[in-house]
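Colleague:
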Amino acid sequence: MNLHESGENYLETILLLKQQKGEVRSVDIAAELDYSKPSVSRAMGILRESGYITMDQNGLIHFTEKGLRRAEGVYERHRIIGKFLKMSLGLDPAVADTDACRIEHILSPETFERIKLYVADHEGKS
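For the sequence shown, the numbering used here begins at 4 and goes up steadily by one.
(1) How about alanine 103 and glycine 76: are their beta carbons less than 7 Å apart?
(2) Can you tell me where the beta strand (DSSP E) with isoleucine 17 in it begins and where it stops?
(3) Looking at the structure shown, is histidine 65 part of a helix, part of a strand, or coil, going by DSSP?
(4) Please go through the region 60-122 and give each complete alpha helix (DSSP H) segment of 4 or more residues, from N-terminal end onward.
(5) Alpha carbon to alpha carbon, how far is isoleucine 106 from proline 96? Give it in angstroms, no decimals.
(6) Assess contact between the region 54-70 and the region 14-25, defined as three or more Cβ pairs (one per stretch) separated by less than 8 Å. Is contact present?
(7) With a Cβ-Cβ cutoff of 7 Å, do leucine 88 and alanine 99 count as a contact?
(8) Work out the CA separation of asparagine 61 and leucine 94 for me, nearest whole Å.
(9) In the DSSP assignment, find the alpha helix (DSSP H) that holds glycine 48 and state where it starts and stops.
(10) Does the beta-carbon of alanine 74 have 16 or more other beta-carbons within 10 angstroms, so that it is buried, or is it exposed?
(11) Between the C-alpha atoms of glycine 10 and leucine 50, what's the straight-line distance to the nearest angstrom?
(12) Determine whether the beta carbon atoms of alanine 2 and valine 43 lie at a separation below 7 Å.
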């Protein structure tokens with residue numbers, strides 16, 4: 004299944020909330036993203052049907068192996084692209100973060116790998 008930008012954003016949000024809180028429910032996602040509970044519930048249904056997450060009887064959201072790989076990949080792209088924008092263009096961190104969130108979904112794997120190499124080569128050189 005081809006996951007759209009909104010699905011990737013949900014996966015990334017779940018990952019970050021799990022890192023912060025240890026466990027995540029739909030209500031946590033709604034609060035974090037300022038979305039309605041029905042919208043988040045619908046999205047969680049789609050992610051569950053697509054095999055990215057499971058939900059237990061207490062409403063806790065868990066990644067499947069496939070979901071965790073995808074969430075970590077999206078988050079890596081976000082972090083690396085943000086670093087690249089700050090390093091190479093000198094962007095304000097908030098602007099770089101906002102733009103990275105948009106760019107991470109459309110960048111080709113080849114371009115992302117080049118950016119990743121650039122960041123690795125230039126990290127620590129300032």
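From the three backbone atoms N, C-alpha and C, an ideal C-beta is built for every residue, glycine too.
Modeller: Looking at the coordinates:
(1) Here residue 103 refers to the residue found at position 100 when the sequence shown is read from its first residue. Here residue 76 refers to the residue found at position 73 when the sequence shown is read from its first residue. At least 7 Å separates the beta-carbon of alanine 103 from that of glycine 76.
(2) Looking up residue 17 in the sequence shown gives position 14. Run containing isoleucine 17: none in the beta strand (DSSP E); it sits in the alpha helix (DSSP H), 8-24.
(3) As a first step, residue 65 is located in the sequence shown; it is residue number 62 there, counting from the start. Histidine 65 carries a strand assignment under DSSP once its states are collapsed to helix, strand and coil.
(4) Restricting attention to alpha helix (DSSP H) runs no shorter than 4 residues, the region 60-122 encloses them at 68-92 and 96-106, ordered along the chain.
(5) For the purposes of this step, residue 96 is identified with residue 93 of the sequence shown, where counting begins at 1. For the purposes of this step, residue 106 is identified with residue 103 of the sequence shown, where counting begins at 1. One alpha carbon belongs to proline 96, the other to isoleucine 106, and they sit about 15 Å apart.
(6) With contact defined as three or more Cβ pairs closer than 8 Å, the region 54-70 and the region 14-25 are in contact.
(7) Translated into the one-based positions of the sequence shown, residue 88 becomes position 85. Translated into the one-based positions of the sequence shown, residue 99 becomes position 96. For leucine 88 and alanine 99, yes; Cβs fall inside 7 Å.
(8) Start at 1 with the first residue of the sequence shown, and residue 94 comes out as number 91. Start at 1 with the first residue of the sequence shown, and residue 61 comes out as number 58. Leucine 94 and asparagine 61 have their C-alpha atoms roughly 43 Å apart.
(9) Working through the sequence shown from its first residue, we reach residue 48 at position 45. Following the DSSP letters along the chain, one finds glycine 48 inside the alpha helix (DSSP H) bounded by residues 40-52.
(10) The residue given as residue 74 occupies position 71 in the sequence shown. A residue is called buried once 16 or more other Cβ atoms fall within 10 Å of its Cβ, and alanine 74 is buried on that count.
(11) Here residue 10 corresponds to residue number 7 of the sequence shown, with the count starting at 1. Here residue 50 corresponds to residue number 47 of the sequence shown, with the count starting at 1. Distance between the alpha carbons of glycine 10 and leucine 50: 7 Å.
(12) What is shown of the chain runs 4 to 129, which leaves residue 2 out entirely.
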